[in-house]
Structure formats: C-alpha cells, structure tokens
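To start, the structure itself, in structure tokens.
Numbering (our numbering), first residue to last: 0 to 127.
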C-alpha cells in the first residue's frame with residue numbers, strides 16, 4: 000500500500016501535465032528533497048515519472064527510453080514491450096519501482112508485476 004503520492008499526471012484537451020516531489024527517503028528518514036523524478040523523452044513528446052527505489056527507476060527509465068526510441072514514439076507498444084521485459088527478466092523482476100508514462104494521447108501506469116493501467120479519467124498517481 001502506498002503511503003504518499005509521489006507523481007501525479009493529468010491529461011486534458013490534448014495536453015499533459017506531470018508533477019512530483021523530489022523526496023528520497025530510507026525508511027522514515029528523508030535523505031534528499033531535490034531528486035528529479037520526472038523526465039522528458041523522445042524529443043520531449045513523452046513524459047515519465049517514477050516512485051520507488053531510485054536506482055531501480057533509473058534502470059527502468061533507460062530501458063523505456065530505448066523502447067520508445069526503437070518504436071518511434073509509439074507509447075502503447077513501448078509500454079507493452081517494457082512490461083513484458085520487466086515481467087519476464089529475472090533481474091528486472093526484482094526492481095522496486097513503478098512508472099507513469101504519458102504523451103498527449105495516453106497516460107499509463109506500469110508496475111513491476113507487469114501490470115499496465117490506462118486510467119479512465121485521464122488522471123494517474125503513484126507513490127511509495
């Protein structure tokens with residue numbers, strides 16, 4: 000169960016806004032307040048954000064960036080490809096992070112269990 004929201008994405012009238020805190024904590028201790036958890040990919044057409052373990056999220060950002068570039072910005076296909084790899088790879092399966100990825104048409108939540116959720120109301124929030 001998530002204890003606090005880290006990333007929030009909203010899609011409205013062909014535009015997407017994504018926001019997040021910069022906090023990194025270990026247990027109940029806040030270690031840093033200025034971490035960048037939001038990234039722009041694919042010529043700034045795709046926005047991503049993460050919650051969970053930072054090192055794990057960086058690995059997933061790199062994997063996702065490769066997928067979105069290979070698939071020429073096709074967000075649904077890139078998300079499915081990432082989720083398949085994440086779910087089936089023995090090392091990736093152990094990563095503890097969750098992603099929100101979005102463009103002007105879609106918002107997806109991608110979990111480490113291979114779940115892909117596209118919210119009905121064009122709002123997505125993740126936390127850790």
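Each residue gets a CB set at the ideal place from its N, CA and C atoms; glycine is no exception.
Extent of the continuous beta strand (DSSP E) run through residue i
i	result
residue 125	122-126
residue 31	28-31
residue 24	23-25
residue 19	14-19
Option nearest residue i by Cα separation, candidates the options
i	options	result
residue 128	62, 8, 72	Here the chain has residues from 0 to 127 only, and residue 128 is not among them.
residue 39	88, 99, 92	99
residue 55	118, 119, 117, 111	111
Cβ pair residue i, residue j closer than 7 Å
i	j	result
residue 8	residue 79	no
residue 13	residue 41	no
residue 34	residue 21	yes
residue 97	residue 125	yes
residue 31	residue 23	yes
residue 95	residue 51	yes
residue 113	residue 82	yes
Buried or exposed by the 16-neighbour rule on C-beta atoms within 10 Å, applied to residue i
i	result
residue 67	buried
residue 102	buried
residue 0	Its pLDDT being 39, under 50, residue 0 is placed unreliably in this model, and the value from its coordinates should be taken loosely. Exposed is the call here.
For residue j and residue i, the rounded distance between their alpha carbons
i	j	result
residue 84	residue 109	12 Å
residue 65	residue 29	31 Å
residue 121	residue 16	11 Å
residue 74	residue 25	32 Å
residue 118	residue 10	10 Å
residue 70	residue 45	13 Å
residue 59	residue 92	11 Å
Contact test: residue i Cβ vs the ligand COA heavy atom, cutoff 6 Å
i	result
residue 52	Of the ligands one can find in the structure shown there are none, so the ligand COA has no counterpart to examine.
Delimiting residues of the alpha helix (DSSP H) encompassing residue i
i	result
residue 92	It is not in any alpha helix (DSSP H) - residue 92 carries neither H nor E in the DSSP assignment.
residue 59	53-69
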